[in-house]
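Student:
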Amino acid sequence: MTQIQTAPPSAPDRSLPARIAGVIFSPRATYAAVAATPRIFGVLACVIAVCAFGVFLFLSTDVGQQAMIDQQVRQMESFGSRMSDAQYARMEQIAPYSRYFAVGGQIVSLPIAALVIAGIAFAVFNAFLGGDAAFKQVYAIVAHSGVLIAVQQIFSLPLAYARESLTGATNLAVFFPFLDENTFPARLLGAIDLFLVWWVVSLAIGFGVLYRRRTQPIAAAMLTLYVAIGLVIAGIKTALSGV
């Protein structure tokens, strides 16, 4: 098995602001710097702070709270069930506190999600493909790619407020408004978010830099997996709703 070499240690170091901006504007050089000097806490803290503050601010408004309730109703209906009047009243009662639960969810879920993704990538590239990267390097790459998740929040939450809805304004379904949202095609398109596609491609660039591999095959494999997950989710929702 051919061993995969990691990024060279001679890549110049970058400050935290430079790395955050670099993930957006110059990902390849930025990920090379991250691989050479892997640091996790600073960028992860920034991503969590932006996401937590954004969702707290949004859910502090009446518009945000109602949008959250409406999303819960739609989610139940998408799985073939309906929210009772008692459940709806309960949702209205807890809506003012949803911002605190959401912030806690961001603080807990974001680092855990990054850890899980890093663990899977480490297993695939190191155990199965013969790579020699340290886990800290892989985790640092994943943590820095989270900058794009923060960008998604900055972009999508004001849109959600303006539209008074948490229904994704950046997924492919917005280009096909004539589709019934309860059909399989609409659900599949709704599962493909443009910002998440950007994040997947950026993460593929990071892994390509770290393991000295071409980005295209990595991105193609990751995007295929993303679409496959969307297919499964859309299929389950369609089957349960009977549409």
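Numbering (my numbering), first residue to last: 31 to 273. Beta carbons are placed, not taken as given, at the ideal position from N, Cα and C, and that holds for glycine. A quick note: this is a predicted structure, and the numbers were derived from the prediction, not measured.
Buried or exposed, going by whether 16 or more other CB atoms sit within 10 Å of the CB of Met-31?
Tutor: If you number the sequence shown from 1, residue 31 lands on position 1. Confidence in Met-31 is poor, its pLDDT being 44 and thus under 50, which makes the residue's placement too unreliable to answer from.
Student: Would the segment 167-184 count as touching the segment 55-65 if we require 3 or more Cβ pairs under 8 Å?
Tutor: At 8 Å Cβ cutoff, the stretches touch.
Student: What does DSSP give as the partner residues of Asp-223 in its beta bridges?
Tutor: Translated into positions along the sequence shown, residue 223 becomes position 193. Bridge partners of Asp-223: Asn-201.
Student: Taking DSSP as the reference, what is the three-state secondary structure of Gly-160?
Tutor: Here the question's residue 160 lines up with position 130 in the sequence shown. Looking at Gly-160 - three-state DSSP - the assignment turns out to be coil, as it is neither helix nor strand.
Student: Just to confirm the assignment: which complete alpha helix (DSSP H) runs, minimum length 4, are found wholly within the segment 88-163?
Tutor: Segments of the alpha helix (DSSP H) lying fully in the segment 88-163: 92-108, 115-124, 128-152.
Student: Going by alpha carbons, who is nearest to Thr-254 out of Val-227, Ser-175, Gly-238, Ala-269?
Tutor: Here residue 254 refers to the residue found at position 224 of the sequence shown. For Thr-254, the nearest C-alpha among the options comes from Val-227.
Student: Helix, strand or coil for Thr-245 per DSSP?
Tutor: If you number the sequence shown from 1, residue 245 lands on position 215. Helix, per DSSP.
Student: What residue from Trp-229, Gly-238, Arg-243, Ile-266 has the CA that sits closest to Tyr-256's CA?
Tutor: In the sequence shown, counting from the first residue as 1, residue 256 sits at position 226. Of Trp-229, Gly-238, Arg-243, Ile-266, the residue nearest in Cα terms is Trp-229.
Student: What are the boundary residues of the alpha helix (DSSP H) that Phe-185 is part of?
Tutor: Position 155 of the sequence shown, counted from the first residue, corresponds to residue 185. Segment 177-193, the alpha helix (DSSP H) holding Phe-185.
Student: Report all residues from its chain with a CB closer than 6 Å to the CB of Val-231; omit the five preceding and five following residues, and keep chain order.
Tutor: Taking the sequence shown and counting its residues from 1, the one referred to as residue 231 is at position 201. Contacts found: Ala-249.
Student: With Tyr-191 and Phe-88 assumed to form a contact (beta carbons below 8 Å), what rounded beta-carbon distance in angstroms separates them?
Tutor: Along the sequence shown, one-based indexing puts residue 191 at 161. Along the sequence shown, one-based indexing puts residue 88 at 58. That pair is a contact at about 6 Å.
Student: Based on Cα-Cα distance, which residue from Ile-99, Val-262, Gln-182, Gly-84 lies nearest to Ile-54?
Tutor: Residue mapping note: residue 54 aligns to position 24 of the sequence shown, counting from 1. The shortest C-alpha separation from Ile-54 is found at Gln-182.
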